[in-house]
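Novice: Handing you this structure, nothing more for now.
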Amino acid sequence: MIFTDESFSEFRRSKSLGLNTSPEEVEYSTDGLVLSATQSNVLRLYSSLSGDVQNIIHTPGIQKYKFIYPSAIVHAASNALHLLSVFDNKYVRTFVGHKNQINTLSACPKEDAVLSSSCDCTNYWDIRKKNPVYKISTPNSISALSPSNDYAVLINGTLLKIYDRRSTKGPKTTSSLPEKRYEEISYSPDGSSMVVSDEKSHLLLGPDGAVKSSVNLERGGSGCITPDSKFFLCCENSTVLVYHLKTGKKFHAFRTPGFDNLKVRFNPCYAQFASSSSLLNIWAIKEHAEQPHA
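Using UniProt numbering, read the sequence shown as starting at 1 and increasing by one per residue.
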């Protein structure tokens with residue numbers, strides 16, 4: 001599905017899932033059928049269409065996580081990664097390759113690939129193998145995988161290096177960003193853009209790392225890019241904001257009075273997104289609620 005400006009005026013809050021506290025992480029499965037959230041070492045899985053609880057898993061130490069298959073996640077716990085089958089509650093594999101706590105985690109399911117960064121290094125993994133395919137010494141880094149052949153590593157909050165995972169010759173581009181304490185970096189689904197975020201701002205970048213525009217907020221939260229790579233959604237207090245990814249122009253806002261949103265995630269296959277506070281709110285276009293993207 002291709003979204004337009006008008007599409008966002010059709011979204012309505014369709015379900016609210018009650019939580020005791022704000023979730024630490026929120027993610028959709030790769031097929032869009034499962035919405036998940038973590039709180040205090042517990043992973044909860046919900047049907048994204050009905051809102052019903054599908055499974056509750058106690059996962060000691062779980063931090064960042066990503067779905068790598070519809071029924072499996074890779075999650076960080078301190079300095080290790082674990083491949084967990086979420087419907088039979090079984091660990092499939094453990095990956096050890098960091099000395100320090102893992103800061104960021106990204107996945108490319110079609111390549112069975114995971115990228116993890118900590119204060120000591122960045123590791124590129126093929127989850128079918130026990131050891132990292134590449135290990136790069138990158139102090140205080142965060143990183144992201146592109147759906148194409150690139151991956152980006154931001155070092156010490158200012159030095160952005162972009163690599164081609166088919167090559168071992170070092171970065172293909174290096175650029176500098178305004179020095180801040182960045183917490184997240186992500187690629188658009190088509191690989192044409194990146195977003196780098198700190199607590200109060202988001203930099204919108206081209207695929208070469210050049211800054212195209214920025215979003216500056218009084219209080220921010222973790223955002224996401226739509227599946228068609230055209231729009232960026234982020235949080236500010238009790239509002240979910242929608243921007244054009246290429247221009248950085250804001251054009252729509254969703255309000256949740258009384259609830260400060262901390263994260264927003266877009267369903268990869270359905271016209272639906274989720275925002276999190278002490279509620280996990282699901283927003284959908286009614287006529288498309290059960291129609292996957294073409």
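Don't be surprised by glycine CBs; every beta carbon is placed ideally from N, CA and C.
(1) Taking 8 Å as the cut-off, decide whether the C-beta atoms of residue 189 and residue 28 are in contact.
(2) Under 8 Å, with one C-beta from each stretch per pair, do the stretch 160-179 and the stretch 68-83 reach the 3-pair mark?
(3) Find the nearest neighbour of residue 41 within the set 23, 60, 47, judged by alpha-carbon distance.
(4) Please classify residue 294 as buried or exposed, where buried requires at least 16 neighbouring CB atoms within 10 angstroms.
(5) List the whole-angstrom C-beta distance separating residue 202 from residue 195, where the pair is believed to meet the contact cut-off of C-beta under 8 Å.
(6) DSSP three-state call for residue 31: helix, strand or coil?
(7) Per DSSP, which one or two residues make a beta bridge with residue 150?
(8) Only counting the same chain, and skipping five residues up and downstream in sequence, which positions put a Cβ closer than 7 Å to that of residue 8?
(9) How many Å lie between residue 136 and residue 275 at the Cα?
(10) Taking the straight line between their C-alpha atoms, what separation do you get for residue 98 and residue 129?
(11) For residue 362 versus residue 229, is the C-beta distance shorter than 8 Å?
(12) Do residue 200 and residue 218 have their beta-carbon atoms positioned less than 8 Å apart in this structure?
(13) In chain order, which continuous runs of the beta strand (DSSP E) of length 3 or greater are located wholly inside the stretch 32-115?
(14) Determine the contact status of residue 147 and residue 187, defining contact as a CB-CB distance below 8 Å.
(15) Give a yes or no on contact between the stretch 168-179 and the stretch 220-229, applying the rule of three or more CB pairs nearer than 8 Å.
(16) For residue 6, does the three-state DSSP call read helix, strand or coil?
(17) Using a 10 Å radius around the Cβ and a threshold of 16 neighbouring Cβ atoms, would you call residue 50 buried or exposed?
(18) How close, in whole Å, do the beta carbons of residue 119 and residue 140 come, if the pair is a contact with beta carbons under 8 Å?
(19) Can you tell me which of 155, 259, 225 puts its alpha carbon nearest to the alpha carbon of residue 238?
(20) Where does the unbroken beta strand (DSSP E) through residue 134 begin, and where does it stop?
(21) Identify whether residue 286 lies in helix, strand or coil by the three-state DSSP scheme.
(22) Where in the stretch 219-257 do unbroken runs of the beta strand (DSSP E), each at least 3 residues long, occur, reported from the N-terminal end onward?
Specialist: On the basis of the supplied data:
(1) Your numbering for residue 189 matches position 189 in the sequence shown. Your numbering for residue 28 matches position 28 in the sequence shown. The answer is no: Cβ separation not under 8 Å.
(2) In the pairwise beta carbon analysis, the stretch 160-179 is classified as not touching the stretch 68-83: fewer than three pairs are separated by under 8 Å.
(3) In the sequence shown, counting from the first residue as 1, residue 41 sits at position 41. That would be 60, whose Cα lies nearest to the Cα of residue 41.
(4) Position 294 of the sequence shown, counting from 1, holds the residue named residue 294. Only weak support exists for where residue 294 lies, its pLDDT of 41 falling under 50; the coordinates are left without a value.
(5) By 1-based counting over the sequence shown, the position of residue 202 is 202. By 1-based counting over the sequence shown, the position of residue 195 is 195. About 5 Å separates the two Cβ atoms, so the contact holds.
(6) Here the question's residue 31 lines up with position 31 in the sequence shown. In the three-state reduction of the DSSP assignment, residue 31 falls in the coil class, being assigned neither a helical nor a strand state.
(7) As a first step, residue 150 is located in the sequence shown; it is residue number 150 there, counting from the start. Answer is 164.
(8) On the sequence shown, residue 8 is found 8 positions in, with the first residue counted as 1. Contacts found: 242, 252.
(9) Sequence index remark: in the sequence shown, residue 136 carries index 136 (1-based). Sequence index remark: in the sequence shown, residue 275 carries index 275 (1-based). Distance between the alpha carbons of residue 136 and residue 275: 34 Å.
(10) Position 98 of the sequence shown, counting from 1, holds the residue named residue 98. Position 129 of the sequence shown, counting from 1, holds the residue named residue 129. Roughly 16 Å between the two C-alpha positions.
(11) Coverage of the chain is limited to positions 1 through 294, which leaves residue 362 absent and any answer about it impossible.
(12) Taking the first residue of the sequence shown as 1, we reach residue 218 at position 218. Taking the first residue of the sequence shown as 1, we reach residue 200 at position 200. Against a cut-off of 8 Å, the Cβ pair of residue 200 and residue 218 comes out as a contact.
(13) Runs of the beta strand (DSSP E) inside the stretch 32-115: 34-39, 42-47, 53-58, 65-69, 72-77, 80-85, 90-96, 102-108.
(14) Taking the first residue of the sequence shown as 1, we reach residue 147 at position 147. Taking the first residue of the sequence shown as 1, we reach residue 187 at position 187. When the beta-carbon positions are compared, residue 147 and residue 187 come within less than 8 Å of each other.
(15) No contact exists between the stretch 168-179 and the stretch 220-229.
(16) Translated into positions along the sequence shown, residue 6 becomes position 6. Look at residue 6 here: in three-state DSSP terms it is helix.
(17) Numbered from 1 along the sequence shown, position 50 holds the residue referred to as residue 50. Label assigned to residue 50: exposed.
(18) Within the sequence shown, residue 119 is the residue found at index 119, counting from 1. Within the sequence shown, residue 140 is the residue found at index 140, counting from 1. Confirmed, about 5 Å.
(19) Here residue 238 refers to the residue found at position 238 when the sequence shown is read from its first residue. With respect to the C-alpha of residue 238, the residue from 155, 259, 225 having the closest C-alpha is 259.
(20) The sequence position of residue 134 within the sequence shown is 134, counting from 1. Where residue 134 is concerned, the enclosing beta strand (DSSP E) stretches over 134-136.
(21) Stepping through the sequence shown from its first residue, residue 286 is reached at position 286. The answer is helix: DSSP assigns residue 286 an H, G or I state.
(22) DSSP runs (the beta strand (DSSP E)) wholly in the stretch 219-257: 231-236, 239-244, 250-255.
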